[in-house]
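Everything below concerns the one structure shown next.
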Amino acid sequence: MVGEAIAGRRDEVFLVSKVLPMNASLRGTIAACERSLKRLRTDRIDLYLLHWRGSHDFSETIAAFDTLMRDGKIGQWGVSNLDLQDMEELVGTPGGEGVQTNQLLYNLTRRGIEYDLQPWCRGRGIPIMAYSPIEQGRMLRHPELRRVAERHGATPAQVGLAWLLRQDGVVAIPKASDPAHVRDNRAAADLRLDEQDLADLDRAFPPPRGPRPLEML
Ligand SMILES: NC(=O)c1ccc[n+]([C@@H]2O[C@H](COP(=O)([O-])OP(=O)(O)OC[C@H]3O[C@@H](n4cnc5c(N)ncnc54)[C@H](OP(=O)(O)O)[C@@H]3O)[C@@H](O)[C@H]2O)c1
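Pasting the structure below:
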């Protein structure tokens, strides 16, 4: 479906895909990427991520990513669902400092990463891609979120996204199949939350007071 959607407009698109951990050996990663390229009917993926940590050594996956970059099949590489300890091990592996992002579950109702993982990534200039940024729609009925949205004449989804996007080094990847939702989400980039909004949201969705295991969906 994505291959069909991007046909004839590949240069307008930033294309991200992931390799499953079970495929993340040296040869397995390269073969998986080539299969994806075929299905996507394109010659390159802009950003290729390790979906989560599996049993293959980081060194093998990194070697595969480097080969794919050298061959022009991917532009950059990153990871997803890696907690602090795994990130430390990754950047301690030769070539591991090439990691360009960590794609993580992050939204108002899932703030655990703010305690340690996010500051660690920020300190190293590694952006976070917030996945399920509106909690798959589940958080949109929250009364405080609705109150803040009403003050701005905005929607709850826009407030949730603006709350993420106001932060340095945070990218949000909402999924929307309804064109009205796509427009709604685009407009979130123009919404500015003020101190009062942020304080109200902190009360309703408190930040972590200690380390928490990484959450995944
Ligand atoms: N790395 C990982 O392990 C991982 C795990 C999960 C997800 N992801 C990625 O994260 C991305 C998004 O996550 P997600 O789909 O789980 O959750 P999400 O983006 O938080 O929520 C998607 C849901 O919200 C609805 N929605 C979108 N915009 C809306 C709006 N403005 N108002 C009301 N409802 C709205 C969508 O409906 P419609 O479709 O009807 O518009 C859809 O039902 C996906 O691209 C996915 O690949 C990554």
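If you want the numbering used here, it's the position in the sequence shown, counting the first as 1, plus 21. We treat Cβ as the ideally placed atom computed from N, Cα and C, and that holds for glycine. What you are looking at is a predicted structure, and each value in this text was computed from that prediction instead of being measured.
In whole angstroms, what is the alpha-carbon distance linking residue i and residue j?
| i | j | result |
| --- | --- | --- |
| Asp137 | Leu70 | 22 Å |
| Ala28 | Lys196 | 20 Å |
| Ser198 | Arg56 | 25 Å |
| Gly158 | Asp87 | 37 Å |
| Asn206 | Asn44 | 33 Å |
| Ile214 | Ala183 | The residue you asked about is not Ile; residue 214 is Leu in the sequence shown. Leu214 and Ala183: Cα-Cα distance of roughly 7 Å. |
| Val112 | Ala193 | 23 Å |
| Glu25 | Ala220 | 44 Å |
| Asp32 | Pro200 | 21 Å |
| His163 | Leu212 | 19 Å |
| Gly117 | Ala151 | 21 Å |
| Arg145 | Asp107 | 15 Å |
| Asp218 | Val169 | 6 Å |
Return helix, strand or coil for residue i, following the three-state DSSP convention.
| i | result |
| --- | --- |
| Asp67 | strand |
| Met237 | coil |
| Ala210 | helix |
| Gly181 | helix |
| Trp73 | coil |
| Gln121 | coil |
| Gln157 | helix |
| Val34 | coil |
| Asn44 | helix |
Tell me whether the beta-carbon of residue i lies closer than 8 Å to the beta-carbon of residue j.
| i | j | result |
| --- | --- | --- |
| Gly190 | Arg143 | yes |
| His77 | Ser101 | no |
| Gly133 | Pro154 | no |
| Leu126 | Leu238 | yes |
| Gln179 | Ala208 | yes |
| Thr50 | Phe79 | no |
How close, in whole Å, do the beta carbons of residue i and residue j come, if the pair is a contact with beta carbons under 8 Å?
| i | j | result |
| --- | --- | --- |
| Asn123 | Ile147 | 6 Å |
| Val23 | Asp67 | 13 Å between Cβ atoms; not a contact. |
| Leu185 | Asn128 | 7 Å |
| Leu235 | Asp104 | 4 Å |
| Glu165 | Pro228 | Their Cβ separation, rounded to whole angstroms, is 15 Å, which puts Glu165 and Pro228 out of contact at 8 Å. |
For residue i, count the other beta carbons within 10 Å of its own beta carbon; 16 or more makes it buried, fewer makes it exposed. Which is it?
| i | result |
| --- | --- |
| Gln139 | buried |
| Gly99 | buried |
| Pro177 | buried |
| Ile83 | buried |
| Ala85 | buried |
| Ala210 | exposed |
| Leu222 | buried |
| Arg131 | buried |
| Val34 | exposed |
| Arg21 | Given a span of 22 to 238 for the chain in the structure shown, any question on residue 21 remains unanswerable. |
| Val203 | exposed |
| Lys39 | buried |
Examine chain B for any beta-carbon lying closer than 8 Å to the beta-carbon of residue i, and answer yes or no.
| i | result |
| --- | --- |
| Thr114 | Absence of chain B from the displayed structure is noted, only one protein chain being present. |
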